[in-house]
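>
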Amino acid sequence: MNFTDIHTLMPEIVMAVLALAVLLSELVIRRKETVGLLAIVSVAVTAYFIPTSFGTVFNGMFISDGYSVFFKFIFFTCLILTVLISSRYLEIERSSHGEYYALLMFATLGMMLMASAGDLIVLYLGLELMALSLYVLTGFIRHEYRSNEASLKYFLLGAFSSAILLYGIMMIYAQTGTTDINTISSVLTEKKATVSLLLSVIFLLVAFSFKIALAPFHMWTPDVYEGAPTSITAFMSVGPKAAGFAVLGRVFLVGLYPLQINWIPLLIGLSILTMAVGNILAIQQRSVKRMLAYSSIAHAGYAVIGIIAGGNEGVSAMMNYLLIYMFMNIGAFSILILMRSEDFLGESLDDFKGLAKTHPLTAGLMLLFMFSLTGIPPTAGFIGKFYLFKAAVGAGYTWLAIVTVIFSAISAYFYLRVVIYMYMHEPEGEAVSLSGSPSLGLALLISALLVLFIGIYPSPFISFARIVTG
Amino acid sequence: MIPLHWYLWLGSIVFCIGIFGFLAKRNIIIMFLSIELMLNGVNISLVALSHYMQDLRGEILVFFIIAVAAAEAAIGLAIVVSLFRNRTSPHVDEIRELKG
Amino acid sequence: MNYYLLIPFLPLAAFLINILLGRKLFRHQAHWPSTLAVLGSLVVSVLVLIDVLNGQTLNRDLYSWIISGKFRVSVGFLIDQLTAVMLIVVTSVSFLVHVYSIGYMHDDPGYYRFYSYLSLFTFSMLMLVMSNNFLQLYFGWEAVGLCSYLLIGFWYQKKSASDAGKKAFIVNRFGDFGFGLGVILIFLTLGTLHYSPVFETIGTLSEKTVSIFGLEMNIITIIALLLFCGAVGKSAQLPLHVWLPDAMEGPTPVSALIHAATMVTAGVFLVARANPIFSLSPTAMSVVAVVGGLTALFAATIALVQNDIKRVIAYSTVSQLGYMFLACGVGAYGAGIFHLYTHAYFKALLFLCAGSVMHAMGGELDCQKMGGLRKYMPVTYWTMLIASLSISGIPGLAGFFSKDEILFRAYAAGGVGKFVWLLGTIAALLTAFYSFRLIFLTFHGEFRGTEEQKHHLHESPKAMTIPLLLLAIGAVGAGWVGIPPLLGGGEHFAEYIAPVVGHPAGEATHAEEWMTMGLSVLVGLAGILTAWIFYLRKREIPVRLAEKFQPIYRVLWNKYYFDELYDFIIVRPSLFVARNIIMGFTDGAIIEGIVNGVPAFIGWLGSHVRKVQSGLLQHYATFMALGLFLLIAIVMIVTGV
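Protein chains in written order, with my numbering: chain F, 18 to 487; chain W, 83 to 182; chain L, 1046 to 1686.
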């Protein structure tokens, strides 16, 4: 390491500096929208340093490669969309404080570190930076009890899972003498799969499963997603989850690759259990927000298939799925935010009754996102699922692909139920008044366009993901 | 000299006590302290390993863990305080509005 | 030649604009985006035609949607002689119908909706004809079916309209099922769905046979017959013709565009497009020719006795489509497409004239209650007369050249061709008769409607009559591009289309050609004369005939009892099975158990699993710990420690 290598770290350094700057700017800037705008500009500035950042520094502790850059692209987009949907919403919730944006940026910085981590220590630090910011963001509506409760649950269980992660790291360290992911891999190739080695794999698996909400380590998710501010729910269900997948992919497909035959059955079991729990419980929900929380659990179950299939195909399918999931999910949450007004929660299924009559455009967008989440062509959701199935079949897990198809068929029930409520029911009571804002509209436009665009013209995204993993 | 696995056993016992405390206790503060116990179990093991392997990584990680734990404590207490503003009970049993 | 992309995408843009903004922004101006867009498409189509005439063709994938090994789903365009003709037909008729609808639909509350559907239909139809692979063709096929369903049921408040929409949809399912199977079979045997590789390699299958119910069948024959299934459904051929007459419940401009000029001809287009497949299977060719010939005659007989003017024209459409299939079946694809092209103009004209009459008569459809309208609506009268002369095959008009070409080619082909030639010639007699029966009953004689209707009689507005006049030009002159050498023409159309469909087989002498031509003209004149005698001179003859041949009259009046037959053999048994067997099983809880049980089980499971999500932090942590220990236990057991 010398200072000529600094360019590799520049995005993270810039992000950290700008996040601090945004935190301070909150003291002098009265209009909170301006702070949000600063956050978006910061992302743009950070992104500017990405193309020159490729390389490995600190003896492999920090890696900037195609894989990490793809994930950073997801994080940046997720951050921008979240900022866009937040400003008006925070005013409605009477929680418009500037540090919100700085915390989002710190969380994003943590995610960037996770994606680039070449060493379990860096991974742990990134993960904690992300998690600590999220605990605060979850409880950001301080006067709202549900927000407090969600925050507390998230915090305690998150800390619990961190401890499990650390125990796993310690065990790996004990047996390989290192925390460097590449070195772990080369040490493990020469070792036999002993029980204690497998134990450490399980501890890591459990900790990561917590982060990406695989059953049975998912139980925090519905409560936290429901209690958190909706904008943060949208953020959490996409960015941090993608970061979780980034580290899962890096640690398991690189570091623990030699033990693949041992952890793949476990991951398959978790994946199926997750799909089952997510889809079956989503049917039970009357709150659309909570339904989306369960749906995000189910989608994690689908995306894990990419890691199970492994290889270039599997990983790129998983990455694409996360990218596509970002647009459709943030889109769906944006509609929820649009429905929220001062004295109206707009989260219940009943609130969507007859929306097509009163607000056809909003209903049309929700229809698009629901179709995409179900995986109906020609939306992006179909493309995402198609390539996952293809990777699974290609890797010899045809039966797993079939199981997934069955669960997605079940998922149609609760996604399309929203559509039925919007289109087949008559409006009840007084018409829902939407709380739109230009920035929210922009976020919706971006999400809807990309859901359609990727659905109709997926090749650039597919090949992008293939190139960066290949 | 004390063999390595003594330390490792100690670490894992402390870790397990932490897990047990977390699962069994109802008081938020005690639960949080149990997590600290788990972290310290890891720390003991890491320091011992580091020493025996003559490798610095473990000790570096321990420093980070301690630092992060401190930040975590700050945030955890802040969350508890804001929760108490709305409802004054330290017992998690009563914090169950979000469910289903 | 890249501007060809404008052809489908202009209507698509108009559709999006109208469906999104139409209700608020345009209201009664909603025709502007759609009409301008289709006009643009028409202009570009003409440019494309000029390019094609200069020998430029194009076959290009615009982009690939999904690439997965051998399986490639792409949107691509093939522009050759066949496509160019179809483009002209679709865009020109569509444009005129758009203009006509400005007058016809002007005070309909769903005005913007109507125009957005029309644009969507035009887009789908153009995608269908411009496709360069079977999958996109199938997509367009289903999309035009959907638009047809939406437009037939456009006045969905009217029960008969929404029923007719459903009927069209369900009957088409039968045909489309076969079509879908055919497409899948092509992919399974040849591994691709693009036209050019399919047509190049289809010959390699000629030795392959499969046995179905003990019957050895050539695989090409199976593919061709499956594809033809789809064509039978979409083009309303026997025995799936039942939906088209009912489809007349839709607005009349829709009948003209979709159920006369464009969508229903998609089946003929499919057969012509897939001619390399059909030509390899003599069996399939014979089936196509016989189905076409029988339909041509059969539908014409029904049209003889119907009184609803739109239904008469609808049966006439079924009959004329039969002619096109007849031509394809004897290998004269060029003649089939030629008839498709001339038919589009005179049949759209007939429908629009009928619409104009309905407009004047306040929605009245029964021609027995009309009469003498010539005085009140001269433009409608003269244009409809031209269209009827054209369809009757009067020399010089468009219908003459194309119908004559078909009959001659059928005769020249010999074998099955001679048989279908006979059917076609008889049908030509009937065609002339029922067409002029309609003219005489509607426009001649005394007015037989109510006083109030008489008071309201008026010529339609300019927006409606101008399209009529323009279509009349087509009904007269469209055939002049295909004048046979015998009459001093150059048979330009056949030469033009030959690169796609080849030259028809069969030889015939000049004498035979004179004979077929003379005969078809003669029967046409005879039909007109008979109608004149029956309906203007001696009006008692048809009544007496109907009484004398009561059974035959009944059969024709009831359209050979096809609806009743289907009701008896399909609808009722399905309902019976549904009511008695399936419902009957509910006590046994077998079907119920599966149909309701699975969701109920999932619901039951969910409501229990849900309790685990108790909201208690300790429970969550316990489950995490349990999960951890469970994983450890599994590993311990498996590794045997």
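Backbone N, C-alpha and C fix where the C-beta goes; we use that ideal spot for every residue, glycine too.
Give the secondary structure of L1339 of chain L by DSSP, where H, G and I count as helix, E and B as strand, and everything else as coil.
Against the third sequence, residue 1339 of chain L aligns to sequence position 294. Of the three classes helix, strand and coil, the one that applies to L1339 of chain L here is helix, per DSSP.
> Relative to the C-alpha of E1552 of chain L, which candidate in L:E1496, L:A1455, L:N1263 has its C-alpha closest?
In the third sequence, counting from the first residue as 1, residue 1552 of chain L sits at position 507. Closest option to E1552 of chain L, Cα to Cα, is L:A1455.
> Quick check on DSSP: helix, strand or coil for M83 of chain W?
Sequence index remark: in the second sequence, residue 83 of chain W carries index 1 (1-based). Coil, per DSSP.
> Which residues in the same chain have their Cβ closer than 7 Å to the Cβ of A1281 of chain L, if we skip the five residues on either side of it in sequence?
Within the third sequence, the letter at position 236 stands for residue 1281 of chain L. Answer for A1281 of chain L: W1288, L1289, V1309, V1363, L1366, listed in chain order.
> Under the rule that 16 or more other beta-carbon atoms within 10 Å means buried, what is C98 of chain W, buried or exposed?
The residue given as residue 98 of chain W occupies position 16 in the second sequence. Flag for C98 of chain W reads exposed.
> How big is the Cα-Cα spacing for N1104 of chain L and S1176 of chain L?
Residue 1104 of chain L sits at position 59 when you count from the first residue of the third sequence. Residue 1176 of chain L sits at position 131 when you count from the first residue of the third sequence. Rounded to the nearest angstrom, the two C-alpha atoms are 9 Å apart.
> Assess contact between the stretch 1338 to 1353 of chain L and the stretch 1404 to 1418 of chain L, defined as three or more Cβ pairs (one per stretch) separated by less than 8 Å. Is contact present?
Yes, they touch.
> So what does T1254 of chain L bridge to, in DSSP terms?
Sequence index remark: in the third sequence, residue 1254 of chain L carries index 209 (1-based). Paired residue(s): L:N1263.
> In whole angstroms, what is the alpha-carbon distance linking T1080 of chain L and L1087 of chain L?
Here residue 1080 of chain L refers to the residue found at position 35 when the third sequence is read from its first residue. Here residue 1087 of chain L refers to the residue found at position 42 when the third sequence is read from its first residue. Near 10 Å, if we compare the C-alpha coordinates of L1087 of chain L and T1080 of chain L.
> Mind reading off the beta-carbon distance from A1209 of chain L to D1291 of chain L? Whole number of angstroms is fine, and I expect it under 8 Å.
Numbered from its first residue, the third sequence carries residue 1209 of chain L at position 164. Numbered from its first residue, the third sequence carries residue 1291 of chain L at position 246. Contact flag correct, Cβ pair sits at about 4 Å.
> Grouping DSSP H, G and I as helix and E and B as strand, with all else coil, what is S365 of chain F?
Reading the first sequence from its first residue, position 348 is the one you call residue 365 of chain F. Reduced to three states, the DSSP call for S365 of chain F is strand.
> Are the beta-carbon atoms belonging to E1294 of chain L and I1197 of chain L less than 8 Å from one another?
As a first step, residue 1294 of chain L must be located in the third sequence, where it is residue number 249. As a first step, residue 1197 of chain L must be located in the third sequence, where it is residue number 152. Cβ distance < 8 Å, so E1294 of chain L and I1197 of chain L count as in contact.
> Between the Cα of I1677 of chain L and the Cα atoms of F:R483, F:T73, F:W280, which residue gives the shortest distance?
Here residue 1677 of chain L is taken as the residue at index 632 of the third sequence, counted from 1. For the residues F:R483, F:T73, F:W280, the minimum Cα distance to I1677 of chain L belongs to F:W280.
> According to the neighbour-count rule (16 or more other Cβ atoms, all chains shown, within 10 Å of its Cβ), is F1224 of chain L buried or exposed?
Locating residue 1224 of chain L in the third sequence gives position 179, where the first residue counts as 1. Burial call: buried.
> Keeping to the same chain, check which residues put their C-beta closer than 6 Å to that of Q192 of chain F; ignore five residues upstream and five downstream.
The sequence position of residue 192 of chain F within the first sequence is 175, counting from 1. Same-chain partners within the cutoff: L214.
> Can you find a C-beta in chain F that's less than 8 Å from the C-beta of D1632 of chain L?
On the third sequence, residue 1632 of chain L is found 587 positions in, with the first residue counted as 1. Any reading at D1632 of chain L needs caution, since the residue's pLDDT is 48, under 50, leaving its predicted position unreliable; the model's value is listed next. By this cut-off, D1632 of chain L is not an interface position.
> Find the nearest neighbour of F1668 of chain L within the set F:P239, F:Y440, F:F234, judged by alpha-carbon distance.
Taking the first residue of the third sequence as position 1, residue 1668 of chain L is located at position 623. It is F:F234 whose Cα lies nearest to the Cα of F1668 of chain L.
> Compare the C-beta of Y1160 of chain L with all C-beta atoms of chain F and state if any pair is closer than 8 Å.
The count along the third sequence starts at 1 and reaches residue 1160 of chain L at position 115. So, not an interface residue.
> F403 of chain F: which of L:G1085, L:Y1108, L:I1112, L:V1093 sits nearest, CA to CA?
Against the first sequence, residue 403 of chain F aligns to sequence position 386. Out of L:G1085, L:Y1108, L:I1112, L:V1093, L:I1112 has the C-alpha closest to the C-alpha of F403 of chain F.
> Anyone know if the C-beta pair for G1572 of chain L and L1486 of chain L falls short of 8 Å?
For the purposes of this step, residue 1572 of chain L is taken as the residue at position 527 of the third sequence. For the purposes of this step, residue 1486 of chain L is taken as the residue at position 441 of the third sequence. Not in contact: G1572 of chain L and L1486 of chain L (Cβ atoms no closer than 8 Å).
> Could you run through the stretch 1658 to 1680 of chain L and flag, in chain order, every residue whose CB is less than 8 Å away from some CB of chain W?
Under the 8 Å Cβ criterion, the stretch 1658 to 1680 of chain L contributes Q1658, S1659, G1660, L1661, L1662, Q1663, A1666, T1667, A1670.
> Could you tell me which chain F residues have their CB closer than 9 Å to the CB of T1648 of chain L, listed as they occur along the chain?
Sequence index remark: in the third sequence, residue 1648 of chain L carries index 603 (1-based). It is Gly, not Thr, that sits at residue 1648 of chain L in the sequence shown. Going along chain F in sequence order, the residues near G1648 of chain L (Cβ under 9 Å) are I297, I300, Q301.
> Can you give me the start and stop residues for the alpha helix (DSSP H) that S1688 of chain L sits inside?
This structure gives no information on residue 1688 of chain L, because the portion of chain L shown stretches from 1046 to 1686.
> Shortest alpha-carbon distance to I1247 of chain L belongs to which of L:V1138, L:I1542, L:H1388, L:T1266?
In the third sequence, the residue the question calls residue 1247 of chain L occupies position 202. It is L:T1266.
> Roughly how many whole angstroms lie between the Cα atoms of E1585 of chain L and P1298 of chain L?
Residue mapping note: residue 1585 of chain L aligns to position 540 of the third sequence, counting from 1. Residue mapping note: residue 1298 of chain L aligns to position 253 of the third sequence, counting from 1. Cα-Cα distance, rounded: 35 Å.
> Quick check: does the Cβ of T1425 of chain L come within less than 7 Å of any heavy atom belonging to the ligand SAM?
This structure simply doesn't include the ligand SAM, nor any ligand for that matter.
> Name, please, each residue of chain W whose Cβ falls closer than 8 Å to the Cβ of R1655 of chain L.
Position 610 of the third sequence, counted from the start, is the residue given in the question as residue 1655 of chain L. Those within 8 Å of R1655 of chain L in chain W are G182.
> Return no unless some Cβ of chain F is closer than 8 Å to the Cβ of W1110 of chain L.
Translated into positions along the third sequence, residue 1110 of chain L becomes position 65. Yes, W1110 of chain L counts as interfacial toward chain F.
> Please classify Y474 of chain F: does DSSP put it in a helix, a strand, or coil?
Within the first sequence, residue 474 of chain F is the residue found at index 457, counting from 1. Coil at Y474 of chain F, not helix or strand.
> Taking C-beta pairs closer than 8 Å, name the residues in chain F that R139 of chain W reaches, listed in chain order.
Here the question's residue 139 of chain W lines up with position 57 in the second sequence. Ordered by position in chain F, the residues that pass the 8 Å Cβ test against R139 of chain W are I138, Y190, T195, T196.
> How far does the alpha helix (DSSP H) with V255 of chain F in it extend, from its first residue to its last?
The residue labelled residue 255 of chain F in the question sits at position 238 within the first sequence. First-last for V255 of chain F: undefined, no H or E at that position.
> What residue range is occupied by the uninterrupted beta strand (DSSP E) comprising G1121 of chain L?
In the third sequence, residue 1121 of chain L corresponds to position 76, counting from 1. Run containing G1121 of chain L: 1116 to 1124, per the beta strand (DSSP E) assignment.
> At what residues does the alpha helix (DSSP H) containing V1350 of chain L begin and finish?
Working through the third sequence from its first residue, we reach residue 1350 of chain L at position 305. First-last for V1350 of chain L: undefined, no H or E at that position.
> Can you tell me whether T206 of chain F is buried or exposed, with buried defined as 16 or more other CB within 10 angstroms of its CB?
In the first sequence, counting from the first residue as 1, residue 206 of chain F sits at position 189. Classification of T206 of chain F: exposed, given that the 10 Å Cβ count is below 16.
> Below 8 Å on the Cβ atoms is my contact criterion, and I expect V1313 of chain L with F1273 of chain L to pass it. Report the Cβ-Cβ distance as a whole number of Å.
Counting from one through the third sequence, the residue named residue 1313 of chain L turns up at place 268. Counting from one through the third sequence, the residue named residue 1273 of chain L turns up at place 228. That pair is no contact at about 11 Å.
> Please list, in chain order, all residues of the same chain as C158 of chain F whose beta carbon is under 6 Å from its beta carbon, the five residues on each side excluded.
In the first sequence, counting from the first residue as 1, residue 158 of chain F sits at position 141. Looking at the sequence provided, one finds Ile at residue 158 of chain F rather than Cys. Closer than 6 Å at the Cβ level, and outside the excluded window around I158 of chain F, lie E110, S112, S164, P246.
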